[in-house]
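Residue numbers (the working numbering), protein chains in the order written: chain A, 218 to 833; chain B, 81 to 511; chain C, 2 to 375. Read the structure below first, then the notes.
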Amino acid sequence: MENNVLKWLKNIFLFSPKEPKYRFVLDDANNQDDNGGTDTSRQAKKDTEAKNGTQPKDEDKVSGRKAKNGKRTVVDGVKQPIPINEMNEKKREKKDSSANALFIDTSINVNLEYIKQRYSADINGDFVIREFKVIVMNKDYSVFICFFDGLVDTIVVNMSIIQPLMTLSTLPVNTKDQTVRDVVYNHLIPQSQIKICRTYQEVVDEVNFGGLGIFIDGLDVAFACDVKGWEHRNVEQPTSELNIRGPKESFNEINRKNSALIRKIIKDENLIVEDILVGERSKTPCSMVYIKNLANDSLVREVRRRIKSIKIAYLRDAGELEQFLEDSPYLPAPQMLLTERPDRVASYLSEGRVGIIVHGSPFAIVVPVTFFNLIHSPEDYYLRYPYATFLRLIRILGILFTLLLPSFYLAVTNYHHEMLPTDLLLAIASAREKVPFPTVISIFIMEIAFELIREAGIRIPGPIGPTLSIVGALILGQAAVAANLVSPILIIVVALTAIGSFAIPDFSLGYSFRALRFIYIILASFAGLLGISLGIFIHLLVLVHAKSFGVPFMVPFAPKTSRTRTNAILKTPLWKEEDRPDFINPKDIKQQAHISRGWLKRRGGANADETEDKDR
Amino acid sequence: MVILIVFSMSGCFDSIEADEMAFVVSLGIDKGSSGNLILTFLVAVPISIGVGGEIGEVEKSTTIITVEAPTINGAVSIVNTLLSKRISFSHAKLVLISKELAQEGVEKYINALIRFREFRPTMFIAISRDKAEEFLKAVKPVLEINPAKFFEMFMVSYKHTGYSPRSELETFYLKMECTCNQPVAALLDINDVSDSSEFERILSEAEIDEDSTIEGDYKAGEIPIISDTKSSNMGLAVFRGDKMVGEMDGREALSYLMVTGDLGLVYYSLPDPEEGRKYMPGDFTGTEIEKNYISLRLGMARKPSIKVKIKDDRPIISVSVFLEGDILSVDSDQDYSVGEELTKLENYASEHIRKNIYEFLVKTRDEFKSDICATGKPVKKTFLYWDDWVAFKWMDKYEKAEFNVDVKVLIRRSGIMTKNIPMSLLKGKDK
Amino acid sequence: MQMKQKIKIGNFEALCLLINMFCSKLILDFPRYVSEDGGTASWLLVLLISIVVFVVFTFLARIYKKFSDKDILDVAKLAFGEPGKIIAGLLFMLQFLYLDTIVVREFAEDIKVISLTTTPISIIISLFCIGMLTGAFLGIETLCRINALAVPVLSAAFIFILLLSIPRFDSSKIAPWLGPGPAVLIKKAIPNISAYSELTTLLFIIPYLNDKGNYVSIGKYAILASGFFFTVGTLTYTLVYQYPMSTEFFLPLYQLARSIAIGRFLSRIEAIFILVWASSAFLYLSSGLYFVTYMFKKSFGLQTRKPLLIPFTILIFSIAMIPENLYSALRLKMGYYRNYAWIITIIVPLFLVTAASVRAKIERRNKSDEAKSQ
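Laid out in structure tokens, this is it:
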């Protein structure tokens, strides 16, 4: 107990453990040395450390998600004892690996028994085992298939697996000098995705996810076919990122369909979809999507390293994966973008970023992301340039309102009366005459009431949900004014704040600002404008300090990276966007020719820089 | 977290709710007994102004408190014992100093007003010919509910009348502390006329010249006007240093604005240039005399230029004023809007205004001996060293100055009609 | 074998850092005491000192060329060894500590006068200290980035306030043109060079800049830009409030912003001013505290910098509470600091660099003698 207190005090006063926290740095595409830390180099460093006997003592203080060393270290010639949790982990690993190492037996009965025992087939109601025979090269073999009812497409199973195995062997086919396995694999199973498995674990993994295992007597391999066909949602309109222009498709919960939606947009063979399984029980398939000759290699390596090193039991959703991958979990702003729209993911991929699709979640993660990407909406690209710039400015105004309006109102009416015009001040004073609460308390009451209404509005069933919450808010506000609980000007302030928070495109960022405005209200209530400026200062400091996968969060303003127009606040016209954002360090920075509209240059007419030819 | 708790426990020292303060709209300073001051506070009552009030209760939108105390802030303390809310000057619009106090010197009051943070530099300052207390009691804004708005608009009326100067606190202070300028302030008073039969008396008491514009010749308080709002703002108070040395009427205020370049857009009437059409001097006892006037709207075409030459230790000050305007109405049948007549009108107007300005400047030199138009500024620019300028003593030299005034009036347009065909031409003379 | 993150500061960020360090005194009381010294020609005085500092800096940059990847403490070490480094470090650290305490006290007094009048000054100073601590904690890279974000906005707001005062300009207020005379101006220019006393920050961030040799152009641009701001600010102030009245106001630019009135509505814009000013204060103070702890760590060869933050913050807080009233606080700055700070800024680095280069030359000659003799 005292150790904890001591540790906490040490943390406060010394501010940092001995070893500094690991920060990934995204370097230039040509500078690919291990400045970001690959797996191997860090491992090598740790090995040399262990050899020299200088082990960093607070290894468990180093921020998690790194692969544990697992080595027993030698200090002063004495083997150090391993802590208990490490020992348990080692035991678990051994057991898993032992299970993994079991090879498939040639005898079908042994396989059948094993499968039945492994899947508890007598208890498991939806596990199906079908035994039948197949004729290969004029010889009878026993076969059994196993699958989960409900996870497979029964038509495909019947037509593509059972029927061919049972009947296709009668067709004459040249099977000279081929083994049974080859014959079966090459001629008898007309299914597009088949995997040859040597261990039970591989078959089990496939069957668990909507596959079908085929065991043939006498073969020491089994076949696992992908016949997924469960009930799932169709591709619908996005629910959280609505727009007027542009495509209206959104992801659904199957990762193959999601990656197909992306591939439909980027028809490039360099688009890589890398599969990683996350979670020991759930074994959720996640896919890392990137364009091979654009994305920075060290970025890809870092993302892969981070995902692979996650050791959890059950992964539910992309939101959970985000929390496991992010650099600073306590930062009041998200460091990854979660989006439902394949067109958005595709446009970010073509800038050189990396996407992560999680099975079971209709949200895809895009990484790395800057603060300004979070306030962009995809519709900015589909609208004309003047409207897009105007909309961006309105959105920034919305953000400022959400964060600062109640605290600004509080500071001005409580501390800086001389800043209001006299008419407004007298109006506020007269409205406040009948209200019993001080302004701070009124603001808190109204803000908390609005937050409650918003939260409750999500759960009201049926189509009346959103309408009821808005109507409820208005009626509540009106009744509060009539009952003289709050002044009417305050209602306007609170309503503007709420509306401003709806203008923020990114859901997560909106939450962060909604939560932070309470801190600003407190700051304004005891120090006026000075408190607000202190809050802005510390908030900006924290945001500028943050990094998202090695990219500083507030680039391109801090630090200034390029001299050309950046697409951060004011939109650049589409035909002027020649460079990809250079803070991502893609391999190829030019994405458009200097004159992307070829029709501008014509003989005897206006040139591309819109100067008229002298002859005309 | 601990820090946050500590801070919230320390309380909000400066946090004052908007309804815990009483906003003083106007402050009046009079002379009290034995060195004291009588201060009058005109306090705004928000309930009847703002959201919760009802329209129609205009009198209740302000309340007046008068108190006697040695200093301004001493008076504030006494008033705070009376009122439930705390007095705050941060929205005070007008400070009214009575004439007798101004003649003794206003420097100590102006210093107090400048030093205290709550008084804003853009606040208006004016001199009341009578007691300030009487003026503030009689103020009754008819067209507004908000008294602050009333004062804000009332004191900037110089922009469209031209009969009062621009007198904000900071400009007053700047001019007071300047080595080449003297301050002026607006002149306010109550106009207590109840019946139009009194107009004749007022007109006979006013100093009206033969050839001048009649409407500017009054000072505040002596204007032939009857209205519900009894406050009037006309004329200017001339200071030398910080002591008030005299008053000028509206016409001279107009000349002051023209020379300093603060003129807005004003209406100006002058008698008809033609000989036979001037108004005849006569007594005002009701005999019919034909008087024809021309009414113009004048504004500044360019900033006036002041050039000074020093000859034998006497400054020769040349003032050039450039005005432009429209013809608004012509009483007689003559068409002044084109050609030769136009030039005649322009020359006549220029001469008319020139005479006004010349008399105004002579008055400041001889009667008041104060350089309120800052004619010393061009002289200051010719110096290189500060000590030389201080040794030059411009203020004394001004008393020996000579003036050359040059006015140029250009008539640009004449309303929406290019010419006016007189009725007598169409229908024949009816005589 | 710790993997240290290399701190890199870009050119624009370093420029903004320097501009903020120089110009935050402009919104405090710089126009006022320059007016006291220079009379109606105060802007000429400012122009003069900017030119002088520019020339001196060019000269310093030329002889600093050999050491273009070391900061001034390393140069001191080269010149006089370890004791030299410690003494130089302590000297600069004292300068920055003094600056920080005076500035925090002045800013707190200013806030007390113009808005938070009843709050005890200890609370206001502690608010500033919290901001200062957070800024210095997160490191110079973050601070420079925030400077790069904030300084353009702050200077735009400043220019906006100046532009809005144009209707009140009166060119006769800066006449007589030479004020008290050129002799007095030159004599008063020397203590006023301390307006640029924060130039030593440039000498400390040299190792972190992107390209070696950049510090020359950064320094030149910073001095030019700050000179521009100083001159324009003082000129505007004198053009609106003439001498001798310009020496009366406690906060010159605040007074300027207060009187701006365009129509009835747009007349109370000093809210912008308070925000601008508080942000500039936070940036200045955090940078100052960062450099104090950095110098302490470097001159004594300590390993980490962060544990030093809290003790120094408490020190600054306590020292800032020492002066009893505003007048004695101001006298500290105007009386003592201004007269001697220019020595620390200009003479000490020149001295150290010349000593180091002389010693380097001697060593090279010794080495070539040895090589010849072998």
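Glycine residues also receive a C-beta, built at the ideal position from the N, C-alpha and C atoms.
Per DSSP, the continuous alpha helix (DSSP H) segment holding I662(A) begins and ends at 656 to 676.
In the DSSP assignment, K78(C) falls within the alpha helix (DSSP H) that extends over 73 to 115. At least 8 Å separates the beta-carbon of D805(A) from that of L516(A). A residue is called buried when at least 16 other Cβ atoms come within 10 angstroms of its Cβ; Y243(B) meets this threshold and is buried. Taking 7 Å as the Cβ-Cβ cut-off, the segment 409 to 436 of chain A has no residue approaching chain C. Residue contact check for H432(B) against chain A: no CB pair falls below 8 Å.
Per DSSP, the unbroken alpha helix (DSSP H) holding C130(C) starts and ends at 122 to 138.
Residues D406, I407, S417 of the same chain have their beta carbon placed closer than 7 Å to that of S494(B), with the five preceding and five following residues left out of the count. Counting every other CB atom within 10 Å of its CB across the protein chains shown gives E107(C) a total of 16 or more, marking it as buried.
For A206(B), the enclosing beta strand (DSSP E) starts and ends at 204 to 208. Counting other Cβ atoms within 10 Å of its Cβ, I582(A) reaches 16 or more and is therefore classed as buried.
Look at the segment 692 to 705 of chain A: it has no residue with a C-beta under 8 Å from a C-beta of chain C.
In the three-state reduction of the DSSP assignment, C363(A) falls in the strand class. Here DSSP, grouped into helix, strand and coil, assigns S247(B) to coil. For T143(B), the closest of D342(B), I207(B), V105(B), Y238(B) by C-alpha to C-alpha distance is V105(B).
Straight-line measurement puts the Cα of K229(B) at about 17 Å from the Cα of D308(B).
Neighbourhood of L746(A) in chain C, by CB distance below 8 Å: S116, A272, I275, L276, A279, in chain order.
Contact annotation, L425(B) with P351(B): C-beta distance approximately 11 Å; criterion of less than 8 Å not satisfied. Taking a C-beta distance under 8 Å as the contact criterion, N631(A) and S170(B) do not qualify as a contact pair. In this model, L249(B) and M256(B) are separated by some 10 Å (Cα to Cα). Cβ-Cβ distances below 8 Å link F161(C) to I273 in the same chain, with the five nearest sequence neighbours on each side left out; the list follows chain order. Put simply, the CB of S750(A) is near chain C, with a gap under 8 Å to one of its CB atoms. With the criterion set as a beta carbon lying under 7 Å from some beta carbon of chain B, the members of the segment 655 to 669 of chain A are P655, T656, in sequence order.
Going by DSSP, C260(B) is part of no alpha helix (DSSP H) at all; its letter is neither H nor E. For G572(A), the uninterrupted beta strand (DSSP E) run begins and ends at 571 to 575, by DSSP. Interface annotation, A192(B): not in contact with chain A, CB-CB separation never under 8 Å. Residues of chain B with a Cβ closer than 8 Å to the Cβ of E635(A) are, in chain order, S170, H171, E198, R200.
By the Cβ-count criterion, E486(A) is exposed, with fewer than 16 other Cβ atoms from all chains shown falling within 10 Å of its own Cβ.
Here E491(A) is bridged, per DSSP, to M505(A). Around the beta carbon of M497(B), a 10 Å sphere encloses fewer than 16 other beta carbons of the protein chains shown; the residue is thus reported as exposed. Counting along the chain, M324(B) sits inside no alpha helix (DSSP H); it lies in the beta strand (DSSP E) bounded by residues 323 to 328. When the alpha-carbon of D476(B) is set against those of F448(B), I491(B), V489(B), F463(B), the nearest one is in F448(B). C-alpha of I122(C) to C-alpha of E110(C): approximately 7 Å in a straight line.
Here the alpha carbon of F365(A) sits roughly 36 Å from the alpha carbon of M553(A). Taking 8 Å as the cut-off, the Cβ atoms of F589(A) and L555(A) do not count as close.
Contacts with chain C at 8 Å (Cβ-Cβ) include Y632(A).
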